[in-house]
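Colleague: First the structure, which I've put down as structure tokens, then a few questions once you've had a look.
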Amino acid sequence: MTDGERSAPAIETRGLTKRYGDVTALSALDLTVPRGELYGFLGPNGAGKSTTINVLTGQLEPDEGSARVAGIDPVANPVQARAAVGILPENGRPPSFLTVREYFEFAGATRGLSDERVAEAVDAWADRLEFRHKLDTLCTDLSQGERQKVLVTQAFIHEPEVVFIDEPLTNLDPIMQERVKRFFRTYREAGNTLFLSTHFIGTAEEVCTRVGIINRGRLLAEIRPSELDGDSLLDRFFETVDADSGEGAAVESGLAADPAAPGADSAAGEVEAASED
């Protein structure tokens, strides 16, 4: 990486736009995330969060605008971009025909890691997330929580400087959620950048250094996590953007409490079933 790339923001977009037919999923997104931030991307399901991540990681090509991630243009160099960053997808599934250990070996090899580095990383993560006893289990035989631990590990296995994490606490028990959140903070404090997409207000408030609020593909505001306390601010954002359509209540229902809170999983499940990002 050149000196210019090191001094550039971790993530930067200008006029980023993505359409699916007549639907505009992203509308002229201007975003700057400095290095060393844990940036929260908060919005209801269908707001454009996952589309943003897919464009920034080279998995989708935008219709308009530009982006750079870790000094790389993900549109011009999608393969290089995917190798340079970590990606924890929402509702991801590791290959069913591989064991957990084989999956990590594959993930490490595609990112240029030596066998020794992969083994060291797997050893550390197996202790951190308590899945050593599952290393030789086929991924298809894992529980949902175990699969999430595996997906978290593969996102960080090559120690990327920028990591995109989409609803990272899904299916983890409360104790493991706290352990993962603690790791996120430590990883950021080491100078790395995390881009956390979520519709859980409590998660964004607790772990993020700054929060961008998105709805209908538009970045409405960037605020401090402390400003998320209470409903009045969020009510104002979502009622304002949907005043003409009268859909403020429906949009707000896509934002949920902390995933560890009683009843949060069932509420989130209902929202997910009704609308996908």
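Residue numbering for the sequence shown follows UniProt numbering, starting at 1 and increasing by one per position. Glycine included, C-beta positions come from ideal geometry on N, C-alpha and C.
So, helix, strand or coil for Ser66, using DSSP?
Modeller: Three-state result, Ser66: strand.
Colleague: Using the three-state DSSP reduction, which class does Val85 fall into: helix, strand or coil?
Modeller: In the structure shown, Val85 sits in coil (DSSP, three-state: anything other than H, G, I, E or B).
Colleague: Just the C-alpha distance for residue 279 and Pro225, rounded to the nearest angstrom, thanks.
Modeller: Residue 279 lies beyond the stretch modelled for the chain, which goes from 1 to 277, so this question has no answer here.
Colleague: Determine whether the beta carbon atoms of Pro74 and Ala83 lie at a separation below 8 Å.
Modeller: Cβ distance not < 8 Å, so Pro74 and Ala83 don't count as in contact.
Colleague: Gly212 lies in the beta strand (DSSP E); which residues open and close that run?
Modeller: Counting along the chain, the beta strand (DSSP E) containing Gly212 begins and ends at 210–215.
Colleague: Which residue comes first and which comes last in the alpha helix (DSSP H) that contains Gly108?
Modeller: Gly108 -> alpha helix (DSSP H) spans 100–110.
Colleague: In three-state DSSP terms, what is Thr186?
Modeller: Three-state result, Thr186: helix.
Colleague: Taking 7 Å as the limit between beta carbons, can you name the residues of its chain near Cys208, skipping five residues before and five after?
Modeller: Once the five neighbours on either side are set aside, the close Cβ partners of Cys208 are Leu38, Tyr39, Gly40, Leu196, Pro225.
Colleague: With 16 as the cutoff for other CB atoms within 10 Å, does Ser7 come out buried or exposed?
Modeller: Exposed.
Colleague: Report the residue from Asp166, Val211, Ala155, Ser50 whose alpha carbon sits nearest the alpha carbon of Tyr187.
Modeller: The candidate whose alpha carbon is nearest that of Tyr187 is Ala155.
Colleague: Sort Gly212, Asn171, His158 by Cα distance to Val122 and report the nearest one.
Modeller: Among Gly212, Asn171, His158, the Cα nearest to that of Val122 is on His158.
Colleague: Give the single residue among Val33, Gln148, Phe183 whose Cα lies nearest to the Cα of Ala70.
Modeller: Residue Val33 is the option with its Cα nearest to Ala70.
Colleague: Do you know how far the Cα of Thr193 is from the Cα of Arg210?
Modeller: Rounded to whole angstroms, Arg210 to Thr193 spans 12 Å at the Cα level.
Colleague: Roughly how many angstroms lie between the CA atoms of Thr99 and Ile223, to the nearest whole one?
Modeller: Taking the straight line joining both Cα atoms gives about 42 Å.
Colleague: Starting from the Cα of Arg185, find the closest Cα among Thr203, Asn45, Asp173 and give me that residue.
Modeller: Per the Cα distances, Thr203.
Colleague: So which of Gly112, Arg182, Leu138, Glu61 has the shortest CA-CA distance to Pro94?
Modeller: Checked all of Gly112, Arg182, Leu138, Glu61; the closest Cα to Pro94 is Leu138.
Colleague: If we ignore side chains and look at the alpha-carbon of each, how far apart do Gly145 and Thr170 end up?
Modeller: Rounded to the nearest angstrom, the two C-alpha atoms are 8 Å apart.
Colleague: Could you tell me which residues DSSP puts in a beta bridge with Ala221?
Modeller: In DSSP, Ala221 forms a bridge with Ile213.
Colleague: Measuring CA to CA, which of Leu56, Glu105, Leu228 is closest to Leu135?
Modeller: The residue with the shortest Cα to Cα distance from Leu135 is Glu105.
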